[in-house]
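Below: the structure, in C-alpha coordinates.
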Amino acid sequence: MDAANKGAKSANGLTVGILPGNDTRGISEAVDIAIVTDMGNARNNINILSSDVIIACGMGTGTASEISLALKANKQVILLNHSAESQLFFKELAQFNIFVVNNAVEAMNQAREILVNPR
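Per the working numbering, residue 56 is the first one in the sequence shown, and the count goes up by one each step.
Shown next as C-alpha coordinates:
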(Lines of atoms letter the chains of each structure in order from A and count residues from 1; the text may use other names and numbers.)
(Lines give C-alpha, C1' and ligand atoms only; values in the text may rest on other atoms or scores of the structure.)
Protein backbone atom coordinates (compact mmCIF):
# COMPACT_ATOMS: atom_id res chain seq x y z
CA MET A 1 0.00 0.00 0.00
CA ASP A 2 2.92 2.34 0.62
CA ALA A 3 4.00 2.04 -3.03
CA ALA A 4 0.45 2.70 -4.27
CA ASN A 5 0.19 5.82 -2.11
CA LYS A 6 3.61 7.06 -3.20
CA GLY A 7 2.62 6.55 -6.84
CA ALA A 8 -0.60 8.47 -6.35
CA LYS A 9 1.22 11.30 -4.58
CA SER A 10 3.82 11.51 -7.35
CA ALA A 11 0.94 12.15 -9.78
CA ASN A 12 -0.43 14.89 -7.47
CA GLY A 13 -3.23 12.64 -6.22
CA LEU A 14 -5.05 12.89 -2.92
CA THR A 15 -4.45 9.72 -0.91
CA VAL A 16 -6.67 8.11 1.70
CA GLY A 17 -5.66 5.30 4.04
CA ILE A 18 -8.41 3.12 5.54
CA LEU A 19 -6.55 1.73 8.55
CA PRO A 20 -7.34 -1.57 10.29
CA GLY A 21 -6.20 -0.50 13.76
CA ASN A 22 -7.09 2.12 16.32
CA ASP A 23 -4.22 4.51 15.55
CA THR A 24 -1.99 5.71 12.71
CA ARG A 25 1.22 3.92 13.67
CA GLY A 26 3.07 2.58 10.65
CA ILE A 27 1.06 4.60 8.15
CA SER A 28 2.70 5.58 4.87
CA GLU A 29 4.09 9.11 4.77
CA ALA A 30 2.25 9.42 1.45
CA VAL A 31 -1.22 9.18 3.04
CA ASP A 32 -2.99 12.53 3.15
CA ILE A 33 -6.16 11.44 4.94
CA ALA A 34 -6.04 8.62 7.48
CA ILE A 35 -9.31 6.96 8.45
CA VAL A 36 -8.85 4.94 11.63
CA THR A 37 -11.41 2.12 11.83
CA ASP A 38 -10.31 -0.30 14.57
CA MET A 39 -12.10 -2.89 12.39
CA GLY A 40 -9.22 -5.18 11.40
CA ASN A 41 -9.97 -6.99 8.16
CA ALA A 42 -13.57 -5.77 8.17
CA ARG A 43 -12.21 -2.53 6.72
CA ASN A 44 -11.82 -4.41 3.42
CA ASN A 45 -15.54 -3.99 2.82
CA ILE A 46 -15.21 -0.23 3.25
CA ASN A 47 -12.36 -0.19 0.72
CA ILE A 48 -14.38 -2.15 -1.83
CA LEU A 49 -17.71 -0.39 -1.47
CA SER A 50 -15.97 3.00 -1.69
CA SER A 51 -14.22 2.12 -4.97
CA ASP A 52 -15.41 2.38 -8.56
CA VAL A 53 -12.94 -0.22 -9.84
CA ILE A 54 -10.55 -2.53 -8.01
CA ILE A 55 -7.00 -3.33 -9.10
CA ALA A 56 -5.63 -6.38 -7.30
CA CYS A 57 -1.84 -6.76 -7.29
CA GLY A 58 -0.42 -10.09 -6.20
CA MET A 59 -2.40 -12.66 -4.27
CA GLY A 60 -2.66 -13.29 -0.58
CA THR A 61 -5.55 -14.07 1.70
CA GLY A 62 -6.36 -10.38 2.22
CA THR A 63 -6.33 -9.68 -1.51
CA ALA A 64 -8.47 -12.75 -2.21
CA SER A 65 -11.02 -11.59 0.36
CA GLU A 66 -11.13 -8.12 -1.18
CA ILE A 67 -11.64 -9.56 -4.67
CA SER A 68 -14.45 -11.76 -3.34
CA LEU A 69 -16.12 -8.80 -1.63
CA ALA A 70 -15.81 -6.81 -4.85
CA LEU A 71 -17.44 -9.55 -6.90
CA LYS A 72 -20.26 -9.87 -4.35
CA ALA A 73 -20.81 -6.11 -4.71
CA ASN A 74 -20.85 -6.46 -8.52
CA LYS A 75 -17.68 -4.37 -8.86
CA GLN A 76 -15.23 -4.79 -11.71
CA VAL A 77 -11.82 -6.18 -10.76
CA ILE A 78 -8.54 -5.95 -12.61
CA LEU A 79 -6.09 -8.75 -11.79
CA LEU A 80 -2.48 -7.66 -12.21
CA ASN A 81 0.05 -10.46 -12.72
CA HIS A 82 -1.98 -13.19 -11.07
CA SER A 83 -1.38 -16.88 -11.48
CA ALA A 84 -3.40 -18.85 -14.01
CA GLU A 85 -5.09 -20.65 -11.11
CA SER A 86 -6.32 -17.46 -9.44
CA GLN A 87 -7.44 -16.04 -12.80
CA LEU A 88 -9.48 -19.18 -13.49
CA PHE A 89 -10.95 -19.24 -9.99
CA PHE A 90 -12.18 -15.66 -10.04
CA LYS A 91 -13.32 -15.78 -13.68
CA GLU A 92 -15.48 -18.79 -12.81
CA LEU A 93 -17.12 -16.72 -10.05
CA ALA A 94 -17.79 -13.62 -12.16
CA GLN A 95 -16.67 -13.94 -15.75
CA PHE A 96 -17.73 -10.46 -16.87
CA ASN A 97 -16.33 -8.57 -13.87
CA ILE A 98 -12.75 -9.88 -14.04
CA PHE A 99 -10.10 -8.34 -16.29
CA VAL A 100 -6.57 -9.74 -16.50
CA VAL A 101 -3.59 -7.50 -17.29
CA ASN A 102 0.16 -8.01 -17.32
CA ASN A 103 1.54 -4.69 -16.10
CA ALA A 104 0.67 -1.42 -14.39
CA VAL A 105 0.19 0.48 -17.66
CA GLU A 106 -2.36 -2.09 -18.84
CA ALA A 107 -4.08 -1.92 -15.44
CA MET A 108 -4.43 1.86 -15.64
CA ASN A 109 -5.69 1.70 -19.23
CA GLN A 110 -8.27 -0.93 -18.27
CA ALA A 111 -9.37 1.14 -15.25
CA ARG A 112 -9.83 4.19 -17.47
CA GLU A 113 -11.90 2.12 -19.91
CA ILE A 114 -14.12 0.84 -17.10
CA LEU A 115 -14.60 4.35 -15.66
CA VAL A 116 -15.28 5.99 -19.04
CA ASN A 117 -17.65 3.26 -20.22
CA PRO A 118 -19.50 1.97 -17.15
CA ARG A 119 -21.84 -0.91 -17.71
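Ideal Cβ placement from N, Cα and C applies to all residues, glycine included.
Where do the N-terminal and C-terminal ends of the alpha helix (DSSP H) with residue 145 fall, by residue? Going by DSSP, residue 145 is part of the alpha helix (DSSP H) stretching over 139 to 148.
Where residue 95 falls: helix, strand or coil (DSSP): In this structure, residue 95 counts as helix in the three-state DSSP scheme.
First and last residue of the beta strand (DSSP E) that includes residue 156? Unbroken beta strand (DSSP E) run through residue 156: 153 to 156.
Where the beta strand (DSSP E) containing residue 166 begins and where it ends: That residue, residue 166, is in no beta strand (DSSP E); its alpha helix (DSSP H) goes 159 to 171.
For residue 10 versus residue 101, is the C-beta spacing smaller than 8 Å? Here the chain comprises residues numbered 56 to 174, so residue 10 is not present and cannot be evaluated.
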